[in-house]
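All the letters of the first sequence, read from the start, carry residue numbers 1011 to 1219 under the numbering used here. No residue lacks a Cβ here, since even glycine has one placed at the ideal position from N, Cα and C. Inspection log for the structure reproduced underneath, given as structure tokens.
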Amino acid sequence: MTDGEPAAAEARTRLRTALEGDPVGAARELLGAVLRHGPVALRVVETEAYDGRVDEASHSFRGETDRTRVMFGPAGRLYVYFSYGMHWAANVSCSEVGHGAAVLLRAGEVIDGVEFARDRRGPRVTDRDLARGPGRLTQALGIDRRHYGADLLAGTEIDGVPLRLEPRTHAPEVATGPRVGISRSVDLPWRFWIPGDRYVSAFRPGQRR
DNA sequence: TGCACGATGGACT
DNA sequence: GTCCATCGTGCAT
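Here it is in structure tokens:
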């Protein structure tokens, strides 16, 4: 514990620096990081980068709106959006102020508070499926529009429940491939995951219509 | 003011 | 593998 404090401070600095940089580097650095909301903690195993400057699939590509505002603000804030009329998706804003970019958290392993996560997800959901997929991930953590804009690096309380992003303790292997479920800028290999990790989401080749 | 369309998940064949 | 529920958002009227 005596040596732990400087190492922890260094890890926090490395995470902040990565988030303030480009979304691809941020998406890589977030693999292995832990998002903690109250009793539930999630180890991130799959991410996707979205960069409004060059990326037609990014919500920020057409500029700042009420919805996308937080993507254009400081790095390390939670960008939450509602998808398909029923799912919430969690993203971490990155890059410098004025640059609309974020990293989508696609999947993770619930490492604390499994029973709380299962209360939200349903009694028959396996541990593996608790947060395997963007909609499942937010449901397991209990994240929704109330958490829009939360400062994940400083840590904040929403409705009395603390929400915080903790840096990883070691760098995992990283695999790269095309993003899932989008119809534009499909060639950018901006999906990142921990190879072989059983909590990575199922690969769904881009379909639609 | 209207409306097409998802950065999906779950149920079902 | 296929189907479809469901609604906020942004752009077209």
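Own chain partners of Arg1240 with C-beta closer than 8 Å, once the 5 adjacent residues on each side are dropped: The requested residue 1240 does not occur in the structure, where the chain is confined to residues 1011 to 1219.
If Arg1115 and Leu1147 are in contact, beta carbons under 8 Å, what's the gap, nearest whole angstrom? Strictly speaking, residue 1115 in this sequence is Leu, with Arg absent from that position. Sure, about 6 Å apart at Cβ, within 8 Å.
What does the Cβ neighbour count give for Asp1169, buried or exposed, with the cut at 16 atoms within 10 Å? The residue in question, Asp1169, is exposed, as its Cβ has fewer than 16 Cβ neighbours within 10 Å.
Buried or exposed for Ala1181, please, with buried defined as at least 16 other CB atoms from any protein chain shown within 10 angstroms of its CB. When all chains shown are included, Ala1181 counts as exposed.
First through last residue of the beta strand (DSSP E) which encompasses Val1050: Start and end: 1050 to 1061.
Residues in its own chain within less than 6 Å of Pro1144 by CB, not counting five upstream and five downstream? Within the same chain, Pro1144 has close Cβ partners Ala1099, Arg1116.
Starting from Pro1016, trace the alpha helix (DSSP H) both ways and give me its first and last residue. Per DSSP, the unbroken alpha helix (DSSP H) holding Pro1016 starts and ends at 1014 to 1029.
Applying the 10 Å Cβ sphere with the 16-neighbour rule, what's the burial state of Trp1203? Result: buried.
State yes or no: is the C-beta of Ala1111 within less than 8 Å of the C-beta of Asp1061? Taking 8 Å as the Cβ cut-off, Ala1111 and Asp1061 qualify as a contacting pair.
From this set, Ala1212, Ala1021, Ala1036, Arg1194, which residue's C-alpha is nearest Arg1087's C-alpha? Arg1087 has its Cα closest to that of Ala1036, out of Ala1212, Ala1021, Ala1036, Arg1194.
Could you give the first and the last residue of the continuous beta strand (DSSP E) run that contains Thr1166? Here the beta strand (DSSP E) through Thr1166 covers 1166 to 1168.
Which residues in the same chain as Arg1219 place their Cβ atom closer than 8 Å to its Cβ, once the five residues preceding and following it in sequence are excluded? Because the pLDDT at Arg1219 is just 33, under 50, the model does not fix this residue reliably, and the value given afterwards should be weighed accordingly. If we look at Arg1219 and ignore the five residues flanking it on each side, it has no Cβ neighbours.
The alpha helix (DSSP H) enclosing Leu1151, as first and last residue numbers: In the DSSP assignment, Leu1151 falls within the alpha helix (DSSP H) that extends over 1144 to 1151.
From which residue to which residue does the beta strand (DSSP E) around Leu1114 run? That run of the beta strand (DSSP E) goes 1111 to 1122.
Under 7 Å Cβ to Cβ from Gly1187, same chain only, skipping five residues before and after it: list those, please. Take Gly1187, set aside five residues on each side of it, and the residues of its chain with a beta-carbon closer than 7 Å to its own are Pro1199, Arg1201, in chain order.
Excluding the 5 residues flanking Ala1085 on each side, which residues of the same chain have their C-beta closer than 6 Å to its C-beta? Counting only Cβ-Cβ distances below 6 Å, and skipping sequence neighbours, we find Leu1029, Glu1030, Ser1103, Cys1104.
Whose CA, out of Tyr1094, Asp1032, Pro1177, lies closest to the CA of Leu1041? Cα-wise, what sits closest to Leu1041 is Pro1177.
In the DSSP assignment, find the unbroken alpha helix (DSSP H) run with Pro1033 in it and report its ends. Boundaries of the alpha helix (DSSP H) around Pro1033: 1033 to 1040.
Got a sec, what are the start and stop residues for the beta strand (DSSP E) Ser1211 sits in? Here Ser1211 belongs to no beta strand (DSSP E), and DSSP marks it neither H nor E.
Any idea what DSSP makes of Asp1197, helix, strand or coil? The DSSP-derived three-state label of Asp1197 is coil.
Consult DSSP for Val1221 and reduce its assignment to one of helix, strand or coil. Since the first and last residues shown for the chain are 1011 and 1219, residue 1221 lies out of range.
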